[in-house]
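Those sequence lines, one after another, are chains A and B. Taking the numbering used here, the leading residue of the first sequence gets 1, the next gets one more, and so forth. Taking the numbering used here, the leading residue of the second sequence gets 190, the next gets one more, and so forth. Presented below is the structure to which this report refers.
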Amino acid sequence: MDARTRILSRIGHALKERPKALLPEHPHAPPSANPLDLFLKRLAENGAEGHLLGEERARKLLGELSQGLPGAAYGRGVPASFRLLPELPPEEAPLGVSWALFAVAETGTVALSSEDGRRAQLLPPVHLVLVEEGRVYPSLLEALLDLKALPSALGLHSGPSKSADIGQVMVKGVHGPGRLVVAVLQGSW
Amino acid sequence: MQAKAKLYPKEAAKLLREKPGVREAVTGATLHFEEGRKKAYGEIDAEAFRERAKRVKDHLLTHLDHYLELAEKRLRENGVQVHWAEDPLDAHRILREVVARHGVKRAVKAKSMLTEELGVNPLLQSLGVEVLETDLGEYLIQLLGEPPSHIVGPAIHLALSDIQRLFHQRFGTPLNASPEALAAVARKVLRDAFLTAELGISGANFLVAETGTLVLMENEGNIRLSTSLPKVHVAFVGIEKLLPRLADLALFLPLTARAATGQRLSTYVSLIQGPAKEGEEGPEEVHVVLVDHGRTTLLHDPEAWEVLRCLRCGACLNACPVYRQTGGHPYGYVYSGPIGAVLDPGLLGLEEAYPLPYASTLCGACYEACPVKIPIPKLLLTWRKRAVERGLAPIWERGAIQALAKVMESPTLYRLFSKALRGLPLPQHLLPLLRAWTEGRGPLKPSPRPFHELWKELEAEDGR
Ligand code: SF4
């Protein structure tokens with residue numbers, strides 16, 4: 001007998017007399033007023049920066065973030081119109097730009113797919129995430145129930161990297177980006 | 190990990206004598222966590238969330254064989270290599286094989302209590318693999334050669350000055366370097382490790398059976414990096430870590446974050462489905478090792494099986510007035526505090542851990558903090574009773590337990606007794622362990638709620 005068989009048979013034995021517990025249904029998501037307002041508020045509370053912008057102003061924001069920088073690392077889904085700086089490998093880039101799969105208002109979260117990349121989301125000290133306004137879900141439950149296929153890895157980012165492991169003092173940018181900027185893009189893309 | 194839980198009373202007294210700073214550091218950190226949790230629970234209908242989470246986990250555990258087989262099937266469909274390990278030896282064999290096949294020289298590790306149980310670091314070192322803990326707190330204690338003292342904050346027993354001294358010796362930073370400067374040094378060392386390691390090792394907070402998704406929570410980004418940059422990722426997952434459905438995460442991720450750190454969600458959550466697809470960044474190989482190591486024995490236990498709901502959030506540690514005095518080291522095993530006191534006797538055998546259930550004032554704060562409503566006070570008494578029955582409890586405890594049992598048996602006596610208690614210092618004669626510690630210190634504060642009220646609630650839970 002292998003380990004698998006032995007473990008499963010011990011479980012079967014352990015559960016023989018145990019009454020089975022029922023699985024509760026998921027709760028109904030509460031109706032939400034304006035997910036975009038809540039999203040921006042939560043981002044700020046999480047220590048990130050959030051902006052609701054049209055394309056022009058989004059490009060302007062990118063221009064500001066890019067000032068004085070030699071280049072940026074880009075996620076695959078980032079449209080050409082947002083690639084203002086020359087592309088650099090993520091290990092060297094001072095800025096990473098990603099295209100989010102979706103966002104969640106109640107937690108102030110952007111969801112980043114491995115199909116967009118991974119290194120650009122994690123290695124540069126500043127991370128700009130672009131997300132379409134139509135992709136902002138009010139709640140995590142609605143987002144997960146709507147998720148049809150999962151990529152190899154999905155990262156939920158809800159703020160800058162942080163740690164209080166050194167003397168209980170909050171330090172930002174410990175391993176991941178110390179600054180997270182989210183641009184919610186108005187209109188359709 | 191070699192368990193030394195039997196030595197708890199001695200080790201606790203020794204720590205309090207020799208390292209008085211630990212008490213201060215741990216108390217400060219846990220009170221801070223506890224305050225955050227209370228605030229975060231206050232924002233939601235915490236009772237409803239906890240009850241729902243308990244039910245989902247109870248369902249999972251009472252159908253564990255089904256969900257394990259489902260998870261295994263989904264993982265394989267996703268291209269993940271699935272292994273089963275009954276004990277550390279199995280786990281070592283699996284890891285040794287991966288190391289040999291990929292010629293691993295360097296491994297980066299994301300904080301995982303299970304890998305502490307399994308002794309993953311010593312094994313890797315014996316194979317000549319350089320292994321770096323990448324969680325900042327875990328990195329600090331790795332440099333010091335110490336085990337973690339808290340499930341969530343492994344280095345909470347260290348004061349800033351301890352870390353400044355450590356980095357001064359190791360890296361030549363000034364003795365008054367700021368936390369930012371110290372973190373920057375660690376970031377540099379570990380960034381290099383992420384970029385060069387061939388192997389990433391992690392645990393998991395959850396494994397979703399329906400989709401075969403590994404789920405990991407963190408705040409630093411080191412887990413995302415450890416599971417994204419090296420070409421091989423090995424995840425060790427306790428068999429109790431499963432969840433039935435993907436959407437259950439909408440309950441468990443926020444609830445765990447609120448309980449652990451008072452956050453609405455941890456800064457980073459990784460949902461890992463499998464190896465990178467053609468042309469994608471990410472590991473070529475993902476292995477999941479499903480680990481028993483005492484869990485099926487616990488599942489068999491008609492009372493203690495409930496501890497398998499545990500999410501390892503650390504909230505019960507933060508709430509515990511006894512844990513707060515020493516931190517985790519004197520408990521002598523991976524899991525300390527209230528959860529350690531009820532889990533370790535089950536994982537190690539009561540013979541190896543019988544003093545731990547006595548490391549409590551039965552104040553009930555752990556139960557009220559627990560996001561999955563594990564009846565810790567009740568289980569502490571269960572283990573104490575068993576210890577007495579097996580003649581394991583120290584002599585003084587046998588007397589104390591009998592006295593306590595008498596009081597508990599008579600409702601009137603008990604109510605009187607507990608009323609009296611709430612106005613007074615705790616019954617030091619019933620808690621000889623505490624005596625050594627509380628000398629020259631103020632009395633421990635009893636819980637605002639009497640234990641018999643909590644007990645009633647726990648009994649009612651039982652009847653459902
Ligand atoms: S017993 Fe409850 S409070 Fe303690 S670590 Fe486990 S889940 Fe958290």
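Backbone N, C-alpha and C define an ideal beta-carbon position, used for all residues, glycine too.
Quick one: Cα of residue i to Cα of residue j, how far?
i, j, result
"GLY389 (chain B)", "ALA296 (chain B)", "6 Å"
"CYS555 (chain B)", "ARG498 (chain B)", "14 Å"
"ILE210 (chain A)", "TYR256 (chain B)", "Because chain A here runs from 1 to 189, residue 210 (chain A) falls outside it and cannot be looked at."
"PRO125 (chain A)", "ASP116 (chain A)", "18 Å"
"GLU335 (chain B)", "ARG135 (chain A)", "46 Å"
"THR550 (chain B)", "ALA576 (chain B)", "17 Å"
"ALA164 (chain A)", "ASN408 (chain B)", "10 Å"
"GLU200 (chain B)", "TRP494 (chain B)", "28 Å"
"LEU405 (chain B)", "ARG413 (chain B)", "9 Å"
"GLN121 (chain A)", "GLN270 (chain B)", "26 Å"
"GLU132 (chain A)", "HIS157 (chain A)", "16 Å"
"GLU286 (chain B)", "SER315 (chain B)", "14 Å"
"ALA504 (chain B)", "ARG226 (chain B)", "8 Å"
"ALA218 (chain B)", "LEU488 (chain B)", "33 Å"
"GLU87 (chain A)", "GLU55 (chain A)", "21 Å"
"VAL104 (chain A)", "GLY50 (chain A)", "13 Å"
"ALA594 (chain B)", "ARG484 (chain B)", "Below a pLDDT of 50, predicted positions are generally treated as unreliable, and ALA594 (chain B), at 48, falls in that range; the measurement from the model is reported next regardless. Cα-Cα distance, rounded: 29 Å."
"LEU53 (chain A)", "LEU140 (chain A)", "23 Å"
"LEU220 (chain B)", "GLU319 (chain B)", "36 Å"
"GLU492 (chain B)", "ILE565 (chain B)", "11 Å"
"SER98 (chain A)", "LEU130 (chain A)", "6 Å"
So with Cβ pairs under 8 Å, would you call residue i a contact of chain A?
i, result
"LYS466 (chain B)", "yes"
"ALA443 (chain B)", "The amino acid at residue 443 (chain B) is misidentified as Ala; the sequence shows Pro. PRO443 (chain B) counts as touching chain A."
"ASP481 (chain B)", "yes"
"ALA260 (chain B)", "no"
"PRO209 (chain B)", "no"
"HIS218 (chain B)", "First, the amino acid is wrong: residue 218 (chain B) is Ala here, not His. Yes, ALA218 (chain B) counts as interfacial toward chain A."
"ASP533 (chain B)", "no"
"VAL341 (chain B)", "no"
"SER525 (chain B)", "no"
"ASP381 (chain B)", "no"
"ASP234 (chain B)", "no"
"PHE640 (chain B)", "For PHE640 (chain B), the predicted model reports a pLDDT of 48, less than 50, meaning its position is unreliable and no value from the coordinates is stated."
"VAL458 (chain B)", "yes"
"VAL245 (chain B)", "yes"
With a threshold of 8 Å between beta-carbons, can residue i be considered close to chain B, or not?
i, result
"LYS165 (chain A)", "Reading off the sequence, residue 165 (chain A) comes out as Asp, not Lys. At least one chain B Cβ lies under 8 Å of ASP165 (chain A)."
"PRO193 (chain A)", "This structure cannot speak to residue 193 (chain A), because chain A is shown only from 1 to 189."
"GLU115 (chain A)", "yes"
"LEU15 (chain A)", "yes"
"LYS253 (chain A)", "Outside the shown range of chain A, which is 1 to 189, sits residue 253 (chain A), and nothing can be said about it."
"SER158 (chain A)", "yes"
"HIS26 (chain A)", "yes"
"HIS175 (chain A)", "yes"
"GLN67 (chain A)", "no"
"ARG10 (chain A)", "yes"
"GLN168 (chain A)", "yes"
"GLU132 (chain A)", "no"
"ALA93 (chain A)", "no"
"ARG6 (chain A)", "yes"
"ALA3 (chain A)", "yes"
"VAL171 (chain A)", "yes"
"LEU88 (chain A)", "no"
Within 8 Å (strictly less), CB to CB, does residue i reach chain D?
i, result
"LYS20 (chain A)", "This model lacks chain D altogether, as its protein chains are A and B."
Does the beta carbon of residue i fall short of 7 Å from some heavy atom of the ligand GTP?
i, result
"ILE345 (chain B)", "The model depicted lacks the ligand GTP and carries the ligand SF4 instead."
Quiz item: Do the segment 75–85 of chain A and the segment 370–386 of chain B meet, that is, are 3 or more Cβ pairs less than 8 Å apart?
Solution: No, the segment 75–85 of chain A does not touch the segment 370–386 of chain B.
Exercise. Count the CB pairs spanning the segment 506–520 of chain B and the segment 353–361 of chain B that are closer than 8 Å, and state whether there are at least three.
Key: Contact between the segment 506–520 of chain B and the segment 353–361 of chain B is absent, with fewer than three C-beta pairs closer than 8 Å.
Self-check item: the segment 224–241 of chain B / the segment 441–453 of chain B touching (three or more Cβ pairs under 8 Å)
Solution: The segment 224–241 of chain B makes contact with the segment 441–453 of chain B; the number of CB pairs closer than 8 Å reaches 3 or more.
Self-check item: Ordered list of alpha helix (DSSP H) runs contained in the segment 407–434 of chain B, each at least 4 residues
Solution: Those alpha helix (DSSP H) runs which fall completely within the segment 407–434 of chain B and span 4+ residues are 411–415.
Quiz item: Between the segment 529–539 of chain B and the segment 550–569 of chain B, do three or more beta carbon pairs fall short of 8 Å?
Solution: Here the segment 529–539 of chain B makes contact with the segment 550–569 of chain B; the two share three or more CB pairs at distances below 8 Å.
Quiz prompt | Every unbroken beta strand (DSSP E) within the segment 307–367 of chain B, with a cutoff of 3 residues, ordered by chain | solution = Fully enclosed beta strand (DSSP E) runs of 3 or longer: 319–322.
Quiz item: Is the segment 480–492 of chain B touching the segment 411–431 of chain B in the sense that three or more CB pairs, one from each, lie closer than 8 Å?
Solution: Yes: the two stretches touch, three or more of their Cβ pairs being nearer than 8 Å.
Quiz item: What runs of the alpha helix (DSSP H), each 4 residues or longer, lie entirely inside the segment 447–523 of chain B?
Solution: Listed in chain order, the complete alpha helix (DSSP H) runs (minimum 4 residues) inside the segment 447–523 of chain B are 484–489, 504–508 and 512–515.
Quiz prompt | Segments assigned beta strand (DSSP E), at least 3 residues, entirely inside the segment 91–168 of chain A | solution = Fully enclosed beta strand (DSSP E) runs of no fewer than 3 residues occupy 95–99, 102–104, 109–113, 126–132 and 153–157 of the segment 91–168 of chain A, in order along the chain.
Quiz item: Do the segment 103–117 of chain A and the segment 33–46 of chain A meet, that is, are 3 or more Cβ pairs less than 8 Å apart?
Solution: Judged by Cβ distances under 8 Å, the segment 103–117 of chain A makes contact with the segment 33–46 of chain A, as three or more pairs qualify.
Quiz item: Whole beta strand (DSSP E) runs in the segment 202–246 of chain B with 3 or more residues, listed along the chain?
Solution: You should have found no qualifying run.
Practice problem: Would you check if there are 3 or more beta carbon pairs closer than 8 Å linking the segment 24–35 of chain A to the segment 82–98 of chain A? | Solution: With the cut-off at 8 Å, the segment 24–35 of chain A and the segment 82–98 of chain A do not touch.
Quiz item: Between the segment 459–469 of chain B and the segment 391–406 of chain B, do at least 3 Cβ pairs fall closer than 8 Å?
Solution: Contact between the segment 459–469 of chain B and the segment 391–406 of chain B is present, because at least three Cβ pairs lie under 8 Å.
Quiz item: Would the segment 238–258 of chain B and the segment 362–371 of chain B be scored as touching if the rule is three or more Cβ pairs under 8 Å?
Solution: Judged by Cβ distances under 8 Å, the segment 238–258 of chain B makes no contact with the segment 362–371 of chain B, as fewer than three pairs qualify.
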